[in-house]
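Participant: Take this structure, written in structure tokens, and hold onto it; I'll ask about it next.
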Amino acid sequence: MSRTADLVLRNALIHTVDPDLPEAEALAVRDGRIAWVGADADAAAWIGPETTVLDGAGRRVLPGFIDAHNHVRLGSDDACVQLAGARTLADIHERIGAWLAANPDAEWVEAEAFDYSAIPDGRMPRASDLDPITGDVPAFVLSYDVHTAWLNSAAIERLGITRDSDVLPFGRVDKDPETGEPTGFVKDFAVRGLSRDGHRALRDLGVPWASADRQYGRLAKSLDDAIRFGITTVVEPQNSLDDLALYTRARHEGRLRSRIVAALFHPRGTTDADLDEFAAAAREFADDRLRVGPLKLYIDDVVEPRTAALLEPYRGCARHRGETFYPAEEFADLLARLDGRGFQCFVHATGDRGIRTVLDAVEHARAVNGERDARHQVVHVECLDPADVSRFAELGVVACMQPRHCAPEIAGPGRDWAENVGEERWHKAWPMRSLRAAGAVLALSSDWNVAEMDPMVGVYTALTRAPLAGGPAWIPEETLDVEATIHGYTMGSAYANFLEHERGSLTVGKLADFVVLSRDIMRVAAAEIPGTVCEVVAVGGELVHTA
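Per the numbering used here, the sequence shown starts with residue 649, numbered consecutively.
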């Protein structure tokens, strides 16, 4: 049988993430899979007249990145006013005002990525903060983490929100404690507004952001970005059955160049019949390009608006420590039922009490169903009590974490996260090194569009815990080394999603997904890593992107 390959990469510096052969100079691809890995001197044996030969020119090659938590379907929307980097209410007004001047006939103002810290006095936003700049045009503004929405008075009226409104299909209405009137701040948007019912409600109410065409536009743009950044597998963590048609369309139109794992959202009220539909979807979408299967749940919300569940009260509060979306016993029984049906669960948990509630539930599920290789994930792990660090490895729970979230300019001193938690608890913040030392599997990711999608930004932050522009590190004792970080973005994320036999390392027999980088991120100073680009991206041995 001929050993001729379809593609040979040679003269490269390959970090395989395979402990049996950590470094190599060349590899051969046949039928979309890695046929050989070894020394450059032996590559010629794989080259025939039809072989494509790719000269690595001594550059660093890694397995394709596997982004374990990336909201490509939510994405970023070019039709929205972009508020990222707006640090004050005046900045927000300036950007919205400029957009309105350029779009004088707009029927809605839609904006995304407002920073809680931009609102004065540490409070949450109100309609009265938007009204002076938006006037009678309804405004729908999403926070940078997409966990809350901010409406002006015109939008409150347009969406039919009154003093009698409490829980809406797309969120929970915040009310003025003195007047009882809605403030314009809507909590729990990620839990309700991004659900199947929430999205349908917003679409039916005429919010343009929720339309099918706008959804597909966000997905297509994010998929293009993903492949450009060398993300050859995207784990999209929160979808309804309605959303699967978007991926089918992207695949049909040639936009699905990255492989997709799509988790299905399990909000409160999900029925056994829904679970049967979820299981059917998992059987229908089960190839190496588009796989459906895991379930996404929430146990708490986020620290910035003080809706994450903490063990002790928030800084400056006598009693308030946030709430869990389920009582602990109910959540434990729910997880045991899902585990018993064979589902893998991704559970959003940011506060130390929220995380402990999830770990307790996994322990309960194992007691009820027996131990199995479930690989349930705690997603975010932002504020972890030291007493729970060892439980991840003990219970086989994956820590799905986003290094960029712990950057000082996002969560550190002076920012809402650090101030709400209080300095005495900062040692609990994103303890990546402690978890890895205790044997936990780290699956690293971006959480786009909450943070930048580019893995180079995440790698830099994991190595330094310093601002992207340079400056003092925050909690540097919890940094990772470069090998551990790359493992988290490749084999760690592959293992977390039951993909370790197919992806995550450059090993003979696995899918030929790899990237050729413009800089050797394993050898350059950490400050030089941002700005590194993928000069070549291969998926299944096909060169799908060249810089």
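Don't be surprised by glycine CBs; every beta carbon is placed ideally from N, CA and C.
Determine the DSSP secondary structure at residue 1133, reduced to helix, strand or coil.
Facilitator: Position 485 of the sequence shown holds residue 1133. DSSP places residue 1133 in helix when its eight states are reduced to three.
Participant: Near residue 849, what residues of its chain come up, given a Cβ to Cβ distance below 6 Å and the 5 sequence neighbours on each side ignored?
Facilitator: Locating residue 849 in the sequence shown gives position 201, counting from the first residue. Around residue 849: 817 and 818.
Participant: Assuming the contact rule is C-beta atoms closer than 8 Å, residue 1056 and residue 1114 should be a hit. Round their C-beta distance to whole Å, please.
Facilitator: The count along the sequence shown starts at 1 and reaches residue 1056 at position 408. The count along the sequence shown starts at 1 and reaches residue 1114 at position 466. Correct: roughly 7 Å between the Cβ atoms.
Participant: Near residue 851, which residues of its chain fall below 7 Å by C-beta distance, leaving aside the five closest residues on each side in sequence?
Facilitator: For the purposes of this step, residue 851 is taken as the residue at position 203 of the sequence shown. These residues qualify, in order along the chain: 858 and 859.
Participant: Give a yes or no on whether the C-beta atoms belonging to residue 815 and residue 802 are separated by under 8 Å.
Facilitator: Numbered from its first residue, the sequence shown carries residue 815 at position 167. Numbered from its first residue, the sequence shown carries residue 802 at position 154. In this structure, residue 802 does not lie closer than 8 Å to residue 815 by Cβ.
Participant: Tell me the start and end of each unbroken beta strand (DSSP E) in the segment 764 to 796 that is at least 3 residues and wholly inside, in chain order.
Facilitator: Runs of the beta strand (DSSP E) inside the segment 764 to 796: 787 to 791.
Participant: Where does residue 649 fall in DSSP's three states?
Facilitator: Locating residue 649 in the sequence shown gives position 1, where the first residue counts as 1. Confidence in residue 649 is poor, its pLDDT being 43 and thus under 50, which makes the residue's placement too unreliable to answer from.
Participant: Find the nearest neighbour of residue 1018 within the set 996, 1026, 1044 and 995, judged by alpha-carbon distance.
Facilitator: For the purposes of this step, residue 1018 is taken as residue 370 along the sequence shown, with counting starting at 1. Closest option to residue 1018, Cα to Cα, is 1044.
Participant: With DSSP as the reference, identify every bridge partner of residue 835, one or two as the case may be.
Facilitator: For the purposes of this step, residue 835 is taken as residue 187 along the sequence shown, with counting starting at 1. Partner(s): 820.
Participant: Using beta-carbon positions only, say whether residue 954 and residue 1144 come within less than 8 Å of one another.
Facilitator: For the purposes of this step, residue 954 is taken as residue 306 along the sequence shown, with counting starting at 1. For the purposes of this step, residue 1144 is taken as residue 496 along the sequence shown, with counting starting at 1. Taking 8 Å as the Cβ cut-off, residue 954 and residue 1144 do not qualify as a contacting pair.
Participant: What is the residue span of the alpha helix (DSSP H) that residue 1080 lies within?
Facilitator: Along the sequence shown, one-based indexing puts residue 1080 at 432. From DSSP, the alpha helix (DSSP H) with residue 1080 extends over 1080 to 1085.
Participant: Does DSSP put residue 944 in a helix, in a strand, or in coil?
Facilitator: Counting from 1 along the sequence shown, the entry for residue 944 is found at position 296. Residue 944 falls in the strand class under three-state DSSP.
Participant: Quick one: what's got a C-beta closer than 8 Å to residue 1068's C-beta in the same chain, skipping five residues either side?
Facilitator: Looking up residue 1068 in the sequence shown gives position 420. 951, 952, 954, 962 and 963.
Participant: Would the beta-carbon of residue 959 fall within 8 Å of that of residue 931?
Facilitator: Counted from its first residue, the sequence shown places residue 959 at position 311. Counted from its first residue, the sequence shown places residue 931 at position 283. Not closer than 8 Å, so no.
Participant: Going by C-alpha distance, which of 1141, 884, 996 and 1121 is nearest residue 718?
Facilitator: Indexing the sequence shown from 1 puts residue 718 at position 70. Answer by Cα proximity: 884.
Participant: Should residue 896 go down as buried or exposed, given a rule of 16 or more other Cβ atoms within 10 Å for buried?
Facilitator: For the purposes of this step, residue 896 is taken as the residue at position 248 of the sequence shown. Exposed, since its Cβ has fewer than 16 Cβ neighbours within 10 Å.
Participant: Which residues bound the alpha helix (DSSP H) around residue 1056?
Facilitator: Residue 1056 sits at position 408 when you count from the first residue of the sequence shown. Taken as a continuous stretch (DSSP letters only), the alpha helix (DSSP H) holding residue 1056 covers 1056 to 1059.
Participant: Which one of 825, 765 and 863 has the shortest CA to CA distance from residue 726?
Facilitator: The sequence position of residue 726 within the sequence shown is 78, counting from 1. Of the candidates 825, 765 and 863, the one whose C-alpha sits nearest the C-alpha of residue 726 is 863.
Participant: Could you give the uninterrupted runs of the alpha helix (DSSP H) lying entirely in the segment 1112 to 1156, keeping only those of 4 residues or more?
Facilitator: Entirely contained in the segment 1112 to 1156, the alpha helix (DSSP H) runs reaching 4 residues are, in chain order, 1130 to 1137 and 1139 to 1144.
Participant: So, for residue 1141: in the same chain, excluding its five sequence neighbours on each side, which residues have a beta-carbon less than 6 Å away from its beta-carbon?
Facilitator: Here residue 1141 corresponds to residue number 493 of the sequence shown, with the count starting at 1. Only 714, 716 and 1091 meet the Cβ criterion.
Participant: Apart from the five residues on each side of it in sequence, which residues of its chain come closer than 6 Å, Cβ to Cβ, to residue 847?
Facilitator: To locate residue 847, count along the sequence shown from 1; it is residue 199. Once the five neighbours on either side are set aside, the close Cβ partners of residue 847 are 858.
Participant: Rounded to whole angstroms, how far is the Cβ of residue 1025 from the Cβ of residue 1095, which I believe are closer than 8 Å?
Facilitator: Position 377 of the sequence shown holds residue 1025. Position 447 of the sequence shown holds residue 1095. About 13 Å separates the two Cβ atoms, so there is no contact after all.
Participant: Does the contact criterion of 3 or more C-beta pairs under 8 Å hold for the segment 1146 to 1157 versus the segment 1175 to 1190?
Facilitator: With the cut-off at 8 Å, the segment 1146 to 1157 and the segment 1175 to 1190 do not touch.
Participant: Below 8 Å on the Cβ atoms is my guess for residue 729 versus residue 709; work out the distance and round it to an integer in Å.
Facilitator: Position 81 of the sequence shown, counting from 1, holds the residue named residue 729. Position 61 of the sequence shown, counting from 1, holds the residue named residue 709. In fact, because the Cβ distance is near 40 Å, the residues do not count as touching under 8 Å.
Participant: For residue 649, count neighbouring Cβ atoms within 10 angstroms of its own Cβ and tell me buried if that reaches 16, exposed if not.
Facilitator: To locate residue 649, count along the sequence shown from 1; it is residue 1. At residue 649 the pLDDT is 43, less than 50, meaning the model places this residue with poor confidence and gives no usable figure here.
Participant: Sorted by chain position, which residues of the same chain lie with C-beta nearer than 7 Å to residue 1070's C-beta, five sequence neighbours on each side aside?
Facilitator: To locate residue 1070, count along the sequence shown from 1; it is residue 422. 963, listed in sequence order.
Participant: Are the Cβ atoms of residue 1007 and residue 985 separated by less than 8 Å?
Facilitator: Taking the first residue of the sequence shown as 1, we reach residue 1007 at position 359. Taking the first residue of the sequence shown as 1, we reach residue 985 at position 337. Not a contact, by the Cβ cut-off of 8 Å.
Participant: Determine contact between the segment 1163 to 1173 and the segment 692 to 709, defined as no fewer than three beta-carbon pairs at a distance below 8 Å.
Facilitator: The segment 1163 to 1173 vs the segment 692 to 709: in contact.
Participant: I'd like the list of long-range same chain contacts for residue 845, defined as Cβ closer than 6 Å, with 5 residues on each side in sequence excluded.
Facilitator: The residue you call residue 845 lines up with position 197 of the sequence shown. Closer than 6 Å at Cβ, skipping near neighbours: 817.
Participant: Tell me the DSSP secondary structure of residue 1104 in three-state form.
Facilitator: As a working mapping, residue 1104 is identified with position 456 in the sequence shown. Three-state DSSP puts residue 1104 in a helix.
Participant: Taking residue 946 as the reference, which of 865, 993 and 1014 has the closest Cα?
Facilitator: Position 298 of the sequence shown holds residue 946. The shortest Cα separation from residue 946 among 865, 993 and 1014 belongs to 993.
Participant: Hey, would you say residue 973 sits closer than 8 Å to residue 948, going by beta carbons?
Facilitator: Taking the first residue of the sequence shown as 1, we reach residue 973 at position 325. Taking the first residue of the sequence shown as 1, we reach residue 948 at position 300. Cβ distance < 8 Å, so residue 973 and residue 948 count as in contact.
Participant: Could you tell me the boundaries of the beta strand (DSSP E) in which residue 635 lies?
Facilitator: Outside the modelled stretch of the chain, which goes from 649 to 1195, sits residue 635, for which no answer is possible.
Participant: Extract the residue ranges of the alpha helix (DSSP H) inside the segment 902 to 978, only unbroken runs of 4 or more that lie entirely within it.
Facilitator: List check, alpha helix (DSSP H) in window: 920 to 932.
Participant: If you draw a straight line from the alpha carbon of residue 731 to that of residue 738, how long is it in whole angstroms?
Facilitator: Taking the sequence shown and counting its residues from 1, the one referred to as residue 731 is at position 83. Taking the sequence shown and counting its residues from 1, the one referred to as residue 738 is at position 90. Taking the straight line joining both Cα atoms gives about 11 Å.
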